[in-house]
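Numbering (our numbering), first residue to last: 1 to 354.
Note that the Cβ used here is the ideal one computed from N, Cα and C, for glycine as well.
Note that the structure is predicted; figures quoted are calculated from it, not measured.
Before any comments, here is the structure.
And the structure:
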């Protein structure tokens, strides 16, 4: 609020006017420098386009790369927002299953060879919904496969700054700079209501994205751009992110401990090193949609996994979010969900088929 007041007071004459499509130059420069500092890259401000959240990045890239009936590759399970954004352009989805370390390389190779997708979209860091982070070896292998097939990789890094355990991982641009398009967002590290994200790509792709954006909204909110730019200039983003990740680490550990105590042993789940999500899987024959209905009666909400699959499946999976609740609420919520789970799993699987 203080930053917003300062910007309006000192720069309101400009911040409330039309702006360039590419975005506020100091903000583009900050993003480029952040990439270069975090990953040792050589990104220029000219390779950055400011967007209305990273969701608009996906829409713009859909406009550029997808024709009706063309094939795109996506993780399985995949980020629902990407599935929704890309689906507007009527592609065929080829799915690459996720393992604990990232995309299954043999499956990716087959998809690239057989289906020849326009691009492969992935979330390498603390993926939504699974919480999985691609290992360094998998990143290198993915880079090799993309290079061999000359296929574009869209690297959605909305959660990369939220790693709270282990070393930071390499950007895919480190391995395939000419084939990597990166998307990012201030929603997870500053304020989601500001709706501010960006595309980082080779300049020829940025030029196409600028043209697509001009036909959509001319430019992103100029006031929001200047508020974020001033916030970044006046505050240490690393200290700010450290406070966020410390809180998320505590909340994640709290949820994992509660799950260990409350969930039946037959339920498996991921143990993320960052981000916001834990991905749980019920035994075969049970439905997370049915569990959702039962949990709601106990005032507990989960997200069933089926919307994250473009090829069917996911009936036994569910996403849990630890980022927006206190430890006390997490413990109570998991306790209630555990009771519902135990009762549900005591029933015959065949009697619960939807």
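Asked, Found
"Where residue 213 falls, given that 16 or more other Cβ within 10 Å makes a residue buried", "buried"
"The region 182-196 contacting the region 290-307, beta-carbon criterion three pairs below 8 Å", "no"
"Outcome for residue 271 when other beta-carbon atoms lying within 10 angstroms are tallied against a minimum of 16", "exposed"
"Proximal residues to residue 308 (C-beta, below 7 Å), its chain only, five neighbours per side dropped", "77, 78, 80, 129 and 314"
"Alpha carbon of residue 141 to alpha carbon of residue 337, nearest angstrom", "39 Å"
"8 Å CB neighbourhood of residue 353 in its chain, flanking five on each side removed", "With a pLDDT of only 48 at residue 353, under the threshold of 50, the placement of this residue in the model should not be trusted, and no figure is reported."
"Residue 93 - partner residues in DSSP beta bridges", "72"
"Supposed close pair residue 364, residue 75 - CB separation, criterion 8 Å", "Any answer about residue 364 is impossible in this case: the structure gives the chain only from 1 up to 354."
"Beta-carbon gap between residue 255 and residue 296 smaller than 8 Å", "no"
"From 155, 88, 105 and 106, residue whose alpha carbon lies closest to that of residue 198", "155"
"Residue 257 in three-state terms, based on DSSP", "helix"
"Inter-stretch contact at 8 Å, needing at least 3 Cβ pairs: the region 214-223 / the region 88-97", "no"
"Through-space distance from residue 329 to residue 262, alpha-carbon basis", "14 Å"
"CB-CB length for residue 58 against residue 225, believed under 8 Å", "Not a contact, Cβ separation roughly 20 Å."
"Alpha carbon of residue 1 to alpha carbon of residue 232, nearest angstrom", "14 Å"
"Selection from 82, 33, 203 and 266 that minimises the alpha carbon distance to residue 403", "Shown here, the chain extends from 1 to 354; a query on residue 403 therefore has no answer."
"Secondary structure, beta strand (DSSP E): runs of 3+ residues fully inside the region 184-247", "197-200"
"Top-ranked residue by Cα proximity to residue 273, from 115, 165 and 93", "165"
"Residue closest to residue 208, alpha-carbon to alpha-carbon, out of 16, 8 and 22", "22"
"Spatially closest choice to residue 245 from 41, 115, 276 and 153, by CA coordinates", "276"
"Length at least 3, wholly inside the region 92-156: the beta strand (DSSP E) runs in chain order", "92-99, 119-122 and 152-156"
"Spatial distance of residue 201 from residue 121 (CA atoms)", "14 Å"
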